[in-house]
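Have a look at the structure below before the remarks.
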Amino acid sequence: MIDHYGVSYGAYHRLKVAELTGVLADLIARAAGHDPASDATTAIRELVSAWRRSEYHPLQAADRKGPDDRNKKAENEFLLNFDIRYRIRRLGFLNRRINKLIDLNADAANLLEAVRTHASDWPANLTVRELIDRHGTDFQNELNRLKKDEVAPALKEARLAEENLRNHEVGSGKELYDEIRNLQIGWPDLEAILNCDPGAARETKANEILEGGNRGPTLSMLATIICRGLKQHESVEIPPATSSPGTSVARVCLKHYDANFVYYDLVTYPIQYGTGAGEANVVGVFRVSPEDAKNLVDERDSGSDATKLAGRTLMSFGAFLDESWRRNDMLWGRLDGAERIISALLPEKSDRELRKNLINEAHLGIFKQEIEEGNGDAVCRLLSHALAHTKSQGPSEKNLKDLVGQVLAQNAGRLNDVQKTALSRPQTLDRQLHPQRALEYISRSTNITGDMFTGLSNKYQFEPGKRVSSWTARVGTILWYVIAVAVPQSLASLFFRHWLGLLYLVAVALIAVGVFLNDNVKFAGWQLLGIVVVIHLIVSGVGSHLRGKKLLKLAKAVAVFVVLALMTIGGLSLIERSRHISLSHPAELALAATIALVGTLLLSISGRGPVEQVRPIRK
9 MIDHYGVSYG AYHRLKVAEL TGVLADLIAR AAGHDPASDA TTAIRELVSA WRRSEYHPLQ
69 AADRKGPDDR NKKAENEFLL NFDIRYRIRR LGFLNRRINK LIDLNADAAN LLEAVRTHAS
129 DWPANLTVRE LIDRHGTDFQ NELNRLKKDE VAPALKEARL AEENLRNHEV GSGKELYDEI
189 RNLQIGWPDL EAILNCDPGA ARETKANEIL EGGNRGPTLS MLATIICRGL KQHESVEIPP
249 ATSSPGTSVA RVCLKHYDAN FVYYDLVTYP IQYGTGAGEA NVVGVFRVSP EDAKNLVDER
309 DSGSDATKLA GRTLMSFGAF LDESWRRNDM LWGRLDGAER IISALLPEKS DRELRKNLIN
369 EAHLGIFKQE IEEGNGDAVC RLLSHALAHT KSQGPSEKNL KDLVGQVLAQ NAGRLNDVQK
429 TALSRPQTLD RQLHPQRALE YISRSTNITG DMFTGLSNKY QFEPGKRVSS WTARVGTILW
489 YVIAVAVPQS LASLFFRHWL GLLYLVAVAL IAVGVFLNDN VKFAGWQLLG IVVVIHLIVS
549 GVGSHLRGKK LLKLAKAVAV FVVLALMTIG GLSLIERSRH ISLSHPAELA LAATIALVGT
609 LLLSISGRGP VEQVRPIRK
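Read left to right, the sequence shown gives residues 9 to 627 (our numbering).
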């Protein structure tokens, strides 16, 4: 092998043997109940190494000297029987090469040119350009077929075989676990190995333990079980070449990559060993869409007008307006998400019955959880709506009716208790909307209405409609912000009151500067003060409504502003008449300062009370 692959093959071979020995030892240790990082696993690794040396020899039979060595099998057979990771790496490499070749781009052309240079069975007189231009479709179709029928199933089988050995409950993993229990490797044997110095002493002790009892035959039996569970094969079954150049080249490429993968692995495997990272594989993306989940409701069925998501209405803004619609959509999301995940894990036709049973079990579990959490009304609405809009009698409708029957049967007691409780005790409801929620609905619906008008105006190029819709959306947005800053003790309210107080001070400062320097600055200060007062009064009114105080506080605030302003003006007028002096500038400044002071005091007082809670149900 070294003569064929080069001097680096020796180190590559020993690295694979050492890793595979460690993998088998870890597998046995886990099944025996030991942690892979424990000292017991280290001792088991010494025993497995001793067994490997007793059964396999690193040299070919012709190069061995002793008679005992000639009876041993070659280490290549050890790798062939147990190295499932090499098989996974090789199949993954073939899968990636197919993905690159199938695009027939510049990179694919370079790869094809390399295969044409080195593959002896490439069709004669066929250039890469001719292949792409004249036989590209046949080439791509054959690559797709090879990937679907040969490479992908083999790769899935290899990965599943490796995972099965980790599962000690079923299949080959359970059989392996039972055999390991019969192996009866006692702690005294493991402790005897660990008491020796690492290296030759432990190796000698492991050989003694292996030869002194029935450990060798039992380990050989264990290896047979592992080998049978891994289901190793030499290579992918690639059909021979045909008369079609495109089909023949596809098979030649795959055969070439399969036969020469060791050259690639010789370079990449030592680099990636021990890093925890492997080759970058293509990841399949599975869409989770209501249209693809068909177990309960098939939205693509022409005989049904059922739609799952209420949020699709009102130009996809429906779920923003009603809480029950949002709960409906979230419940459908859980149901369809579970169905699509199970379908992605079990995509084969042979798994149809198992897939259906698992999906139904998942749906029942979701409904049960929702009912136990007190959301039985959402489940009832969802199922009744789906049944009411079902017209055809396809598989989805049958599954839906069967599932409804199971939900009612499994939760009959709980649903009956809920009905009895609701009907036996008369209750009166206070149907008054919570002020904050009512205002939020108004602002949100105004904003959405504006967006809808904008969409219609853009669609039909109606310019007046664009202006109306734009202002409608702005009104909704402004109202939303006003509600946000009017909620007492909220973060937005704290920021708003802080900055509004600063604006009062800035307005007074501008007026003071303008009184003595520039009338334009003074006018700007009065404008700013007026705007601040108006904003303050609007937010105070909304806040009063949120607290359930209606407009009482707003009226009080306006009255305080007016009274203090009149008192300031009256006081300054008396001073001006009694002393016969002009106080126009000081009066103006005092009036502005009074307004700002009152506004600041109201800001510090307001916003302390909690929002009025929703009134409870009264019996």
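Note that CB positions come from ideal geometry on N, CA and C, so glycine has one too.
Excluding its 5 nearest sequence neighbours in each direction, aspartate 197 has C-beta neighbours in its own chain below 6 Å: Ile217, listed in chain order. CA-to-CA, the gap between glutamate 381 and lysine 409 works out to about 23 Å.
Look at alanine 285 here: in three-state DSSP terms it is coil, with no helix or strand label.
Of the residues assessed, tryptophan 507 falls on the exposed side of the cut-off, its CB having fewer than 16 other CB atoms within 10 angstroms.
Around the beta carbon of asparagine 303, a 10 Å sphere encloses 16 or more other beta carbons of the protein chains shown; the residue is thus reported as buried. Assignment of lysine 81 by DSSP, reduced to helix, strand and coil, places it in the strand class. When the five nearest sequence neighbours on each side are left out, the beta carbons in the same chain lying within less than 6 Å of the beta carbon of proline 253 are those of Pro131, Leu134, His143, in order along the chain.
Glycine 522 and phenylalanine 531 do touch by the CB rule: their CB atoms are close to 7 Å apart, below 8 Å. Assignment of histidine 126 by DSSP, reduced to helix, strand and coil, places it in the helix class.
By a beta-carbon distance limit of 8 Å, aspartate 266 does not contact arginine 97. Their separation comes to about 12 Å. Under the Cβ criterion (8 Å, minimum of three pairs), the region 59-68 does not count as touching the region 119-131. In this structure, the beta-carbon distance from valine 159 to isoleucine 106 falls below 8 Å. The three-state secondary structure of histidine 65, taken from DSSP, is strand. Here DSSP, grouped into helix, strand and coil, assigns aspartate 115 to helix. Per DSSP, aspartate 330 is not a residue of any alpha helix (DSSP H), being assigned neither H nor E. Taking all protein chains in view, the Cβ of asparagine 118 is surrounded by fewer than 16 other Cβ atoms within 10 Å, so the residue is classified as exposed.
With fewer than three CB-CB distances shorter than 8 Å, the region 50-59 does not count as touching the region 12-23. By the beta-carbon neighbour count (other beta carbons within 10 angstroms, threshold 16), threonine 276 is exposed. DSSP places glutamate 381 in no alpha helix (DSSP H); its state is neither H nor E.
Counting every other CB atom within 10 Å of its CB across the protein chains shown gives proline 298 a total of 16 or more, marking it as buried. Check the Cα spacing between aspartate 306 and each of Ala166, Ile486, Leu395: the tightest is with Leu395. In the structure shown, asparagine 303 adopts coil according to DSSP, grouped into three states. In terms of Cβ geometry, alanine 604 and alanine 515 form a close pair [threshold 8 Å]. Around the Cβ of phenylalanine 101, a 10 Å sphere holds 16 or more other Cβ atoms; the residue is buried.
Under the DSSP assignment, alanine 37 falls in the alpha helix (DSSP H) whose first and last residues are 16-39.
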